[in-house]
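**Q** Residue numbers (our numbering), protein chains in the order written: chain A, 1 to 126; chain B, 1001 to 1292; chain C, 2001 to 2446. From the three backbone atoms N, C-alpha and C, an ideal C-beta is built for every residue, glycine too. Only a predicted model underlies this, so the values are computations on that prediction, with no experimental measurement involved. Here it is: the structure, laid out below.
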Amino acid sequence: MFILNPHSGVPIYRQILDQARRLVASGQLAPGAELPSVRELALKHAVNPMTISKAYSLLEAEGLLERNRGRPMTVASQARGASPLTKRLQQIQPLVEQTVLAAKQLEVSETELVKSVRKNWENGND
Amino acid sequence: MIESAVQATHLSKSFGAKQVIDDLSFQVAPGDVIGVLGKNGAGKTTLLELMLGFTPPSGGGVQIFGHPSVALPGDVKVRVGFVPQQDELLEQLSVADQLRVIASFYPQWDSGLIQRLCNEWGVDPRARIRNMSVGERQKLSILLAFGHKPDLLVLDEPVASLDPIARRQFLEQLVDASAGGDRAIIFSSHIVSDIERLANRIWILKGGRLDWQGDLDSLKESIVRLHVRGDAGAIASVAVPGALSLRREGNFATVMVRDWTPERQRELEARASLSIDVEALGLEEIFLELHR
Amino acid sequence: MKTVLRLVYTYFMGTAVTRGLTLSGVALCLLALLAVTYLPQTAHVLAFAFSSQLAFFLGSASMPLMFGRMAKGRGVGLLPHGRLKLLASAFLTVVIVALPAGLLAPVVYAAGNSFKLSDALKYPGAVDFLLGMAILIYTSLTLLAGWLYLAMWFLGSQRNASGLWRSLVIVVLLIFVPVREIQELSGKIEWNLVQLALTWMVFGAAFMAWPRIKAAMAQRGGWNRSTRKVVATRDTWGREVALILGTHNPWLLVGSLALPLLMATRVGLQTPEIWLFFLTIFSVVTGAFAGQAAARSRALWLRRGWSRAELFAEVERSFWRHNGIVSGLLLAFMVAIGSFTHLPGELLAGGLPLLVLGTALSTYLGFMITRGLRWIEIALASGVMLTLMAVSLLLSQELVKLGLVFAIEAVLLALVFVLRTVARRRWSRIDWIECRPPRTLVARQA
């Protein structure tokens, strides 16, 4: 479910947050879907369980996940629908940042970049 | 009130004129997994042995579950597991006998767990310790510390001689051990990637002092590499307070900063006509930069 | 050649301790030569000669340990003729170390028979005789030194009881014959030279061929396949603490000492040298054994809820249980032999307590080693050993001054309690980081 890189500069909990939000927003994690338990995920990726727990708690606070007694965490039922545009924009924010950075480094102008994005958008719709 | 597993106040240790540990204060709560990093000679082993009472402090004190380290009662000692840097195995015994000897000291020894781990880790109970390789000995030393399910587990370079497969197995076992959230684990290692996976708090020992003492996540968010771009004049005069290092090259500058926050970025960008890209670093990079 | 010389120099003068001992050995030798000119009494010259040789020998004591470490290391195989040079350095050490005895033998003889050396040198027959005696003593001691080094090498490289047993057997089996011959001057120079040549050829050949032998054995898997079954429960009597401290099996030590006892009965227990060697060996072994206590007890700190003071009490108890059995058996044996061979009662009366005192003193001296071996421990140990030897010399005289012996023994008993108090105080503050680990001297990693 998650692709975690413990050695990146991005803390593990942050990686989980970003990926979870993206998965829910894109519908790959439907409301009611069960997430792996903290222990399971920690063992699978060989990372500290507390960091998983921290991510889950933050997602719960956001309203993305809900805790069920005795059962693993599930995606909150109103997670998808209630996600406003701003939240969904937030998901792709890191990608946008990366693209802008790359463009700047390669000295691609803003206009050129927008043109490229538009072309990609139109191609995707075919 | 949650009793802290380890609590140190102004802990110091010197050997003759040499000050190895200088005024450390810290607290370890159950559920913490603390990775101790430091150069060779920084005092990691001394610190761990100080904590457990193998050596008396020269100044200040350290308590384990509320008791001073040099006077730990029996019921506290059974809650502690220690893997020393130099193993304490008895050469003439077999693995099974060595396990039996140590098990006899602990009423809560879990032989089922040990048997399972022996199988998983490939430790032959009939092997004679005298004939075992360094890696096998290290695995045995680790097992000896796990068997009694201690509430405080202290490991000094436990995986220095293990191959990556064995290391991963060990990590998984530690993850399992810490999953309950009521065990405290402190381990020192040169293998930064292991610490990066497992620790939630990092101690960086430098010159006998704790250069960093806090969450791993905060560490990664706080020590960053800035790639600064601007016109030559702005670059020449750029100054970042609290920078660890600064390199300039024409229109570019690379700055290592600690205690970085987004506010500082906005501030810096506003002050001079600079554009700043922030690069987050892995733990090994951070460690290297702090020691440059 | 230069390497060999440098090695030998390091053996004798490498550390402060060995340098001191070597130089004092040389100094004492010169003093002995002076003494014979101005003080014709036997006792002084003999004492100087004996302590000179002893000091000189102790000064070279680092040789077997260094030899062993270098022989095991990989570096020596890579250096040109590395093993050969190492072997040569060992042989040269053995050749040099017996020189004081060889030089002083005629001197002591002259003093003992109350004539002046300068007078004797006028007679050519006397010169031949004295020279012959000197060479005899010298070659005998060379042989002896060689075996002692070998024993020390084994002792130093083994950390368990079976190694101890092996080395003690070797020591015992081979030192008594030359000792007897020295004492009775009944040896022959040719025989000594033959022995020297044989032993060194065998040792040399084995040493040079060892890497090849080891490789061959590893291929067959013979070395690693251990067919001896270890039944720890039977060995330990269920006492895990003793196992960790190394005191779980006194029978090995008993066995290895029973053998010299048997040999001693052949030579005769009246001879002081036998007692001397017994005391020395047993005391040194007990002391060295107890010297590990502090380092080995580290493994018990977290396993048992004992405070440092309680730990000392338990360790003491464990070691006494071990040494007590050995001592007790030794004493019983000596009494039996003594009555069987009709030894003078005074000898036993004075000698048996001496054995016990020797054990007690060296055990507590061993316990005092909580920060590695330092000057004060070495000085105390040497002083104690010399006193014990002096008492044993006293005991073997024609007219045993039992009163004096008992007086000295009372002082030694008091010393036991003093040392115990010191050891106890040190243990109450023991710092295991400053205690060297028992196995190898590893550079401290922080």
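What runs of the beta strand (DSSP E), each 3 residues or longer, lie entirely inside the stretch 1201-1274 of chain B?
**A** 1201-1206, 1209-1215, 1224-1230, 1243-1249, 1252-1257
**Q** Quick check on the DSSP output: the alpha helix (DSSP H) that includes B/ASP1151 runs from which residue to which?
**A** Note, B/ASP1151: premise wrong, no alpha helix (DSSP H); not H, not E.
**Q** Locate the beta strand (DSSP E) running through C/LYS2085, then write down its first and last residues.
**A** Per DSSP, C/LYS2085 belongs to no beta strand (DSSP E); it is in the alpha helix (DSSP H), 2082-2097.
**Q** Could you please tell me which residues of the stretch 1177-1203 of chain B, in chain order, have their CB closer than 8 Å to any CB of chain A?
**A** SER1178, ALA1179, GLY1181, SER1193, GLU1196, ARG1197, LEU1198, ALA1199, ASN1200
**Q** CB B/LEU1052 to CB B/VAL1036, shorter than 9 Å?
**A** In this structure, B/VAL1036 does not lie closer than 9 Å to B/LEU1052 by Cβ.
**Q** Given a cut-off of 9 Å on the beta-carbon distance, is the pair C/LEU2023 and C/GLY2073 in contact?
**A** no
**Q** Determine, for A/ASP126, whether the minimum Cβ-Cβ distance to residues of chain B falls below 9 Å.
**A** Here the model assigns A/ASP126 a pLDDT of 47, short of 50, so the residue's position is not dependable, and the following value carries that caveat. Not one chain B Cβ lies under 9 Å of A/ASP126.
**Q** Look at the Cβ atom of B/ASP1151, then the Cβ atom of B/ASP1182, and state whether they are nearer than 9 Å.
**A** yes
**Q** I want to verify the contact list: residues of chain C whose CB lies under 8 Å from the CB of B/VAL1080, in sequence order.
**A** LEU2302
**Q** Put B/ARG1128 into one of helix, strand or coil per three-state DSSP.
**A** Strand.
**Q** With 9 Å as the C-beta to C-beta threshold (strictly closer), list the residues of the stretch 1069-1098 of chain B near chain C in chain order.
**A** VAL1070, ALA1071, LEU1072, PRO1073, GLY1074, ASP1075, VAL1076, LYS1077, VAL1078, VAL1080, GLY1081, PHE1082, PRO1084, GLN1085, GLN1086, GLU1088, LEU1090, GLU1091, GLN1092, LEU1093, SER1094, ALA1096, ASP1097, GLN1098
**Q** How many Å lie between B/ASP1022 and B/HIS1190 at the Cα?
**A** 22 Å
**Q** What would DSSP say about B/ALA1160, mapped onto helix, strand or coil?
**A** Per DSSP, reduced to three states, the secondary structure at B/ALA1160 is coil, with no helix or strand assignment.
**Q** Is it the case that the Cβ atoms of A/MET73 and A/GLU60 are separated by a distance below 9 Å?
**A** yes
**Q** Along the chain, which unbroken stretches of the alpha helix (DSSP H) at least 4 residues long are found entirely within the stretch 2329-2375 of chain C?
**A** 2345-2367
**Q** Taking 9 Å as the cut-off, decide whether the C-beta atoms of C/LEU2404 and C/LEU2394 are in contact.
**A** yes
**Q** Residues in its own chain within less than 7 Å of A/ILE12 by CB, not counting five upstream and five downstream?
**A** Cβ within range, chain order: LEU4, PRO6, VAL47, THR51.
**Q** Since B/ASP1277 sits in a beta bridge, which residues does DSSP pair it with?
**A** B/HIS1227
**Q** Does the contact criterion of 3 or more C-beta pairs under 8 Å hold for the stretch 1228-1238 of chain B versus the stretch 1246-1257 of chain B?
**A** Contact annotation: the stretch 1228-1238 of chain B touches the stretch 1246-1257 of chain B, with at least three C-beta pairs closer than 8 Å.
**Q** List the residues of chain A that B/GLU1221 touches, going by C-beta distances under 8 Å, in chain order.
**A** In chain order, PRO11 make up the part of chain A whose C-beta sits under 8 Å from the C-beta of B/GLU1221.
**Q** Taking the C-alpha atoms as reference points, what is the distance between C/GLY2372 and B/PRO1056?
**A** 17 Å
**Q** Residues in the stretch 2414-2438 of chain C with C-beta within 8 Å of chain B's C-beta atoms, listed in sequence order?
**A** ARG2429, ASP2431, TRP2432, ILE2433, GLU2434, PRO2437
**Q** Listing by chain order, which chain B residues have their CB less than 8 Å from the CB of A/ALA127?
**A** Lying outside 1 to 126, the shown extent of chain A, residue 127 of chain A is not represented and no answer is given.
**Q** Cβ of B/PRO1056 less than 9 Å from any chain E Cβ?
**A** Within the model displayed, chain E is absent; protein chains A, B and C are what it includes.
**Q** Under a three-way DSSP split, which group does A/HIS7 fall into?
**A** Assigned with DSSP and collapsed to three states, A/HIS7 falls in coil, not helix or strand.
**Q** Going by the CB atoms, is the gap between C/SER2062 and C/ALA2027 shorter than 9 Å?
**A** no
**Q** Can you check the stretch 1028-1088 of chain B for any beta strand (DSSP E) of at least 3 residues that lies completely inside it and give the ranges in chain order?
**A** If we require 3 residues or more, the beta strand (DSSP E) runs fully inside the stretch 1028-1088 of chain B come out as 1033-1038, 1059-1064, 1080-1083.
**Q** Taking buried to mean at least 16 other C-beta atoms within 10 Å of its own C-beta, is C/VAL2202 buried or exposed?
**A** With fewer than 16 Cβ atoms within 10 Å of its Cβ, C/VAL2202 is classed as exposed.
**Q** At a Cβ threshold of 9 Å, is C/LEU2243 touching chain B?
**A** yes
**Q** Less than 8 Å between C-beta atoms, sequence neighbours within five positions excluded: which residues of the same chain meet that for A/GLN90?
**A** So the list reads ARG21, once near-sequence residues are dropped.
**Q** Distance, Cα to Cα, C/LEU2252 vs C/ILE2325?
**A** Whole-angstrom Cα-Cα distance: 11 Å.
**Q** Should A/VAL38 be flagged as near chain B, meaning a C-beta pair shorter than 9 Å?
**A** yes
**Q** Cutting at 8 Å between CB atoms, please list the residues of its own chain near A/LEU64, excluding the five before and the five after it.
**A** ALA20, ARG21, VAL24, VAL75, ALA76, ALA79
**Q** Within this structure, are the beta carbons of B/LEU1290 and B/ILE1204 separated by less than 9 Å?
**A** yes
**Q** Mapping the DSSP letters down to three states, classify A/ARG69 as helix, strand or coil.
**A** coil
**Q** Would you grab the beta carbon distance between B/ALA1008 and B/VAL1062 for me? Rounded to a whole angstrom, and I think it's under 8 Å.
**A** 4 Å
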